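K.L.:
One structure follows; several queries about it will come next.
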């Protein structure tokens with residue numbers, strides 16, 4: 082066994098295990114496992130219940146981030162986000178996760194990766210894979226890293242330290258352009274040529290997104306998740322059309338299920354959240370129902386919220402058409418199934434979007450030493466251990482004692 | 082926040098968080114929370130996803146045990162087993178869990194709660210609520226507590242330290258008698274008086290159990306879980322009848338769903354495990370399909386395995402009638418849906434059952450400090466933290482910094 086330090090932090094509605102890059106590097110040397118294998122072993126990924134590790138056996142509880150001090154001056158901390166397999170010993174490194182970025186920021190403050198200021202501390206984060214820059218502002222009264230806070234996010238009632246998460250210069254991160262087609266509205270044609278084309282704003286800010294007019298589906302954008310479910314197959318079909326139109330994929334490429342984000346927007350109406358709370362039409366600016374892979378998203382992804390907010394400030398766009406009050410487009414209140422999410426868009430004097438800020442929360446749940454086995458041959462199901470071939474112990478295993486069944 | 086030490090150990094197919102009784106006591110004093118609340122807070126029980134804690138959001142991954150050195154000479158370690166609520170801030174203390182007992186034994190060896198011998202170390206455990214005594218034999222070569230092992234149990238392919246778990250003097254633990262009715266077979270009559278009564282052995286060893294003849298249901302006892310599912314409603318009806326017959330409940334008492342354990346036994350036949358492996362008829366002694374609450378058990382509970390093994394050694398009992406070879410009833414190989422489980426019955430010279438031993442496995446997954454919040458008011462769903470009333474900080478919160486959203 083190798084003892085690998087790790088910290089479990091809840092960021093918003095995700096649980097993320099955070100690892101110092103140096104600690105992980107040591108674990109790789111000590112165990113002889115590669116990086117992915119260290120994570121899948123620590124999480125117990127071989128089993129879909131993750132019984133033999135610290136994974137939580139769901140997408141939101143099987144996440145990790147590797148964190149180290151940034152070497153360039155534009156960030157304090159660099160991290161990689163890992164979606165760790167469940168019943169599958171693979172790790173996905175390509176996506177980013179706003180919830181885990183929030184967790185990384187709180188971790189950075191605790192781990193001394195950033196100088197803690199009196200009042201508020203700003204952590205500048207870079208997602209290494211995409212190069213995306215994020216900032217996180219955390220209250221640090223008396224210059225002390227906070228343990229506790231009273232901030233909540235949509236989707237959970239748990240309390241945490243408030244974190245203002247900013248997506249820096251989010252425009253064009255996937256395609257280089259706010260509007261990849263150059264137009265604020267495109268008409269997306271379904272495969273069936275007899276159907277009406279659907280008006281959509283194709284935008285690239287935070288993430289690539291296709292925001293469609295709820296009315297084109299006979300919806301308002303403020304319906305229940307159950308009612309919204311009926312159009313999800315249609316939206317996933319149009320996601321493919323949008324990907325081609327935005328140049329995210331060619332006709333021969335495999336179908337992407339995560340990009341662009343798709344959903345519908347509509348004019349505010351009074352509705353009830355999934356938690357049962359009544360939200361009045363004047364409590365928010367824009368109704369949104371998004372799709373997550375092949376199902377309705379219970380709230381809205383953070384990067385999708387960035388895309389909606391930026392798109393709403395584009396004159397003539399589908400979201401902009403549904404705004405009642407267009408005077409303050411820099412603070413947009415989105416009516417999501419779980420409640421109202423406020424998105425703040427900060428601009429330079431030139432009008433360029435400098436940063437989009439979301440109010441999030443994080444809590445450190447545990448500081449741990451994970452015991453990572455050196456090697457892990459697969460045993461045939463239901464076989465006694467005595468039937469297994471002997472495994473040679475690695476020379477490096479100096480502190481671990483490996484025992485064979487003596488009976 | 083209070084920093085509470087805890088260790089995560091997999092015992093068989095369960096994940097158990099283990100706490101030293103002293104550490105938990107300190108946490109109660111420091112947080113002002115009662116014992117149940119410390120656990121539900123650490124696990125994040127308020128939420129059915131257990132997002133804000135270390136719980137795994139399933140019955141087998143939301144377990145804890147409180148461990149301390151025994152004060153009497155018949156045991157080394159005393160523990161309480163806690164089934165921690167999921168989406169429910171309650172803790173169930175009344176049951177025992179063989180998997181967690183296995184985890185406690187490995188923990189005791191690591192924590193120095195028992196003197197580690199050269200060769201094998203025996204840990205004597207007492208389950209405080211029931212008074213049940215268990216022994217666990219763990220290989221400790223060179224007198225060192227083992228980190229790693231190559232033992233597997235039915236239901237998972239994960240490797241662990243081998244643990245021989247013994248149930249000490251398991252006969253009569255619920256009723257005082259091996260056969261509460263005095264007879265090796267009872268005929269259980271269903272509510273419908275026109276149906277044939279079902280022959281069953283009502284036994285009390287490890288747990289109270291009603292072991293019925295598979296043939297009475299037109300079954301063999303070695304069928305697939307899918308085929309067995311059809312008789313589960315019938316077996317749950319007969320569980321009530323068995324509880325009354327065994328004197329575990331009176332006619333006015335509420336219906337118990339966990340006691341007695343019910344299932345069917347039959348003569349060995351070649352079958353395929355849920356994992357797809359072929360088990361030949363001569364590889365085991367008795368076919369068993371048990372019910373867990375209202376569903377087929379994927380393997381067999383450990384205490385139920387004890388009951389079946391002891392019952393099989395009673396001449397004329399339903400299990401005994403199905404044994405092909407009755408010459409070695411002290412080592413019984415049970416053919417369960419997941420594969421073959423071997424149960425060893427050890428007897429005194431008088432024939433009395435001294436101990437029933439099962440080969441199990443355990444692995445230490447993590448050693449941790451859990452950050453337990455001092456107080457945890459419930460926030461209305463989807464409300465910004467700023468809407469919450471201010472919470473007075475407790476005087477004891479000396480190391481924790483509680484921050485309010487500054488925005």
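Residue numbers (the working numbering), protein chains in the order written: chain A, 82 to 488; chain B, 82 to 488.
Backbone N, C-alpha and C define an ideal beta-carbon position, used for all residues, glycine too.
If you're wondering where the values come from, they're calculated on a predicted model, not measured in any experiment.
What are the residues in the stretch 116 to 131 of chain A lying within 9 Å of chain B by C-beta distance?
P.N.:
Answer set for the stretch 116 to 131 of chain A: 123, 125, 127, 128, 130, 131.
K.L.:
Does the Cβ of residue 502 of chain A have 16 or more other Cβ atoms within 10 Å, making it buried, or fewer, making it exposed?
P.N.:
No answer is possible for residue 502 of chain A: the residues shown for chain A start at 82 and end at 488.
K.L.:
What residues in the stretch 235 to 265 of chain A bring their beta carbon closer than 7 Å to a beta carbon of chain B?
P.N.:
Per Cβ criterion, the list reads 235, 237, 238, 239, 240, 242, 243, 245.
K.L.:
By DSSP, does residue 179 of chain A sit in helix, in strand, or in coil?
P.N.:
The residue you call residue 179 of chain A lines up with position 98 of the first chain. If DSSP states are grouped into helix, strand and coil, residue 179 of chain A belongs with the helices.
K.L.:
Residues in its own chain within less than 6 Å of residue 291 of chain B by CB, not counting five upstream and five downstream?
P.N.:
Along the second chain, one-based indexing puts residue 291 of chain B at 210. If we look at residue 291 of chain B and ignore the five residues flanking it on each side, its Cβ neighbours are 281, 283, 323, 341, 343.
K.L.:
In the DSSP assignment, find the unbroken alpha helix (DSSP H) run with residue 106 of chain A in it and report its ends.
P.N.:
Reading the first chain from its first residue, position 25 is the one you call residue 106 of chain A. Unbroken alpha helix (DSSP H) run through residue 106 of chain A: 102 to 112.
K.L.:
Between the stretch 176 to 188 of chain A and the stretch 200 to 213 of chain A, are three or more C-beta pairs nearer than 8 Å?
P.N.:
Yes: at least three Cβ pairs fall under 8 Å.
K.L.:
Give, in chain order, every residue of the stretch 184 to 212 of chain A whose Cβ lies closer than 9 Å to some Cβ of chain B.
P.N.:
Per Cβ criterion, the list reads 200, 201.
K.L.:
Can you give me the C-alpha to C-alpha distance between residue 301 of chain B and residue 416 of chain B, rounded to a whole angstrom?
P.N.:
Here residue 301 of chain B corresponds to residue number 220 of the second chain, with the count starting at 1. Here residue 416 of chain B corresponds to residue number 335 of the second chain, with the count starting at 1. So the alpha carbons of these two residues sit roughly 12 Å apart.
K.L.:
Is DSSP giving residue 423 of chain A helix, strand or coil here?
P.N.:
Here residue 423 of chain A corresponds to residue number 342 of the first chain, with the count starting at 1. Of the three classes helix, strand and coil, the one that applies to residue 423 of chain A here is strand, per DSSP.
K.L.:
What residues in its chain sit with their C-beta under 6 Å from that of residue 217 of chain B, if we drop five residues either side in the sequence?
P.N.:
Within the second chain, residue 217 of chain B is the residue found at index 136, counting from 1. Hits under 6 Å: 186, 204, 244, 246.
K.L.:
Helix, strand or coil: how does DSSP classify residue 246 of chain B here?
P.N.:
One-based indexing of the second chain puts residue 246 of chain B at position 165. Looking at residue 246 of chain B - three-state DSSP - the assignment turns out to be strand.
K.L.:
How about residue 392 of chain B and residue 424 of chain B: are their beta carbons less than 7 Å apart?
P.N.:
The residue you call residue 392 of chain B lines up with position 311 of the second chain. The residue you call residue 424 of chain B lines up with position 343 of the second chain. Taking 7 Å as the Cβ cut-off, residue 392 of chain B and residue 424 of chain B do not qualify as a contacting pair.
K.L.:
Using the C-alpha atoms, what's the distance from residue 239 of chain A back to residue 233 of chain A?
P.N.:
Sequence index remark: in the first chain, residue 233 of chain A carries index 152 (1-based). Sequence index remark: in the first chain, residue 239 of chain A carries index 158 (1-based). Each residue's Cα considered, the two are about 6 Å apart.
K.L.:
Can residue 158 of chain B and residue 194 of chain B be called in contact, C-beta distance under 7 Å?
P.N.:
Along the second chain, read from residue 1 onward, the residue named residue 158 of chain B stands at position 77. Along the second chain, read from residue 1 onward, the residue named residue 194 of chain B stands at position 113. For residue 158 of chain B and residue 194 of chain B, yes; Cβs fall inside 7 Å.
K.L.:
In angstroms with no decimal places, state the Cα-to-Cα distance between residue 261 of chain B and residue 220 of chain B.
P.N.:
Here the question's residue 261 of chain B lines up with position 180 in the second chain. Here the question's residue 220 of chain B lines up with position 139 in the second chain. Straight-line Cα distance between these residues: approximately 37 Å.
K.L.:
What is the DSSP secondary structure of residue 305 of chain A, reduced to helix, strand or coil?
P.N.:
Locating residue 305 of chain A in the first chain gives position 224, counting from the first residue. Residue 305 of chain A: coil per DSSP, three-state reduction.
K.L.:
Within 10 Å of its beta-carbon, does residue 434 of chain A have 16 or more other beta-carbons around it, so buried, or fewer, so exposed?
P.N.:
For the purposes of this step, residue 434 of chain A is identified with residue 353 of the first chain, where counting begins at 1. So residue 434 of chain A counts as buried.
K.L.:
According to DSSP, is residue 439 of chain A helix, strand or coil?
P.N.:
As a position in the first chain, residue 439 of chain A is number 358, starting the count at 1. Strand at residue 439 of chain A.
K.L.:
Alpha carbon to alpha carbon, how far is residue 166 of chain B from residue 469 of chain B? Give it in angstroms, no decimals.
P.N.:
Position 388 of the second chain holds residue 469 of chain B. Position 85 of the second chain holds residue 166 of chain B. Since pLDDT at residue 469 of chain B reaches only 36, below the 50 mark, its modelled position is unreliable, and the value read off the structure follows with that caveat. Whole-angstrom Cα-Cα distance: 26 Å.
K.L.:
How about residue 384 of chain B and residue 256 of chain B: are their beta carbons less than 7 Å apart?
P.N.:
Taking the second chain and counting its residues from 1, one reaches residue 384 of chain B at position 303. Taking the second chain and counting its residues from 1, one reaches residue 256 of chain B at position 175. No, these two residues do not count as a Cβ contact at 7 Å.
K.L.:
If you measure between the beta carbons of residue 379 of chain A and residue 418 of chain A, is that distance less than 7 Å?
P.N.:
For the purposes of this step, residue 379 of chain A is identified with residue 298 of the first chain, where counting begins at 1. For the purposes of this step, residue 418 of chain A is identified with residue 337 of the first chain, where counting begins at 1. Yes, the pair counts as a contact, with Cβ atoms nearer than the cut-off.
K.L.:
Are there three or more Cβ pairs, one per stretch, closer than 8 Å when the stretch 298 to 313 of chain A is compared with the stretch 323 to 340 of chain A?
P.N.:
Short answer: they don't touch.
K.L.:
Compare the C-beta of residue 497 of chain B with all C-beta atoms of chain A and state if any pair is closer than 7 Å.
P.N.:
With chain B covering only 82 through 488, there is no way to say anything about residue 497 of chain B.
K.L.:
Here's a check: name, in chain order, each residue in its chain whose Cβ is nearer than 8 Å to the Cβ of residue 228 of chain A, leaving out the five neighbours to either side.
P.N.:
The count along the first chain starts at 1 and reaches residue 228 of chain A at position 147. Excluding residues within five positions, the ones whose Cβ falls inside 8 Å are 242, 445.
K.L.:
Distance cutoff 7 Å, beta carbons only. Does residue 339 of chain A sit that close to anything in chain B?
P.N.:
On the first chain, position 258 is the one that residue 339 of chain A refers to. Not closer than 7 Å to any Cβ of chain B, the Cβ of residue 339 of chain A fails to qualify, so no.
K.L.:
Would you list, in chain order, the members of the stretch 425 to 447 of chain A that have their beta-carbon closer than 8 Å to a beta-carbon of chain B?
P.N.:
Taking 8 Å as the Cβ-Cβ cut-off against chain B, the residues of the stretch 425 to 447 of chain A that qualify are 440, 442, 444, 445, 446, 447.
K.L.:
Going along chain A in order, which residues have a C-beta closer than 7 Å to the C-beta of residue 91 of chain B?
P.N.:
Your numbering for residue 91 of chain B matches position 10 in the second chain. Within 7 Å Cβ-Cβ: 132, 133.
K.L.:
Taking the alpha-carbon of residue 236 of chain B as reference, which of B:190, B:449, B:92, B:103 has the nearest alpha-carbon?
P.N.:
Mapped onto the second chain, residue 236 of chain B falls at position 155. For the residues B:190, B:449, B:92, B:103, the minimum Cα distance to residue 236 of chain B belongs to B:92.
K.L.:
What did DSSP end up calling residue 194 of chain B once you bin it into helix, strand or coil?
P.N.:
The count along the second chain starts at 1 and reaches residue 194 of chain B at position 113. Of the three classes helix, strand and coil, the one that applies to residue 194 of chain B here is coil, per DSSP.
K.L.:
Take residue 126 of chain A as the anchor and find which of A:144, A:226, A:199, A:303 has the nearest alpha-carbon.
P.N.:
Locating residue 126 of chain A in the first chain gives position 45, where the first residue counts as 1. Checking every option, the nearest Cα to that of residue 126 of chain A belongs to A:144.
K.L.:
Which residue wins for smallest C-alpha separation from residue 249 of chain B, given the options B:275, B:155, B:90?
P.N.:
For the purposes of this step, residue 249 of chain B is identified with residue 168 of the second chain, where counting begins at 1. Closest by alpha carbon: B:155.
K.L.:
Note down, in chain order, every chain A residue with its Cβ under 8 Å from the Cβ of residue 138 of chain B.
P.N.:
Position 57 of the second chain, counted from the first residue, corresponds to residue 138 of chain B. 137, 138, 139, 142, listed in chain order.
K.L.:
For residue 224 of chain B, tell me which candidate among B:202, B:131, B:230 has the shortest Cα-Cα distance.
P.N.:
Indexing the second chain from 1 puts residue 224 of chain B at position 143. Looking at the Cα atoms, B:202 is the closest of the given residues.
K.L.:
Go ahead and pull the three-state DSSP assignment for residue 277 of chain A.
P.N.:
If you number the first chain from 1, residue 277 of chain A lands on position 196. Three-state DSSP puts residue 277 of chain A in coil, outside helix and strand.
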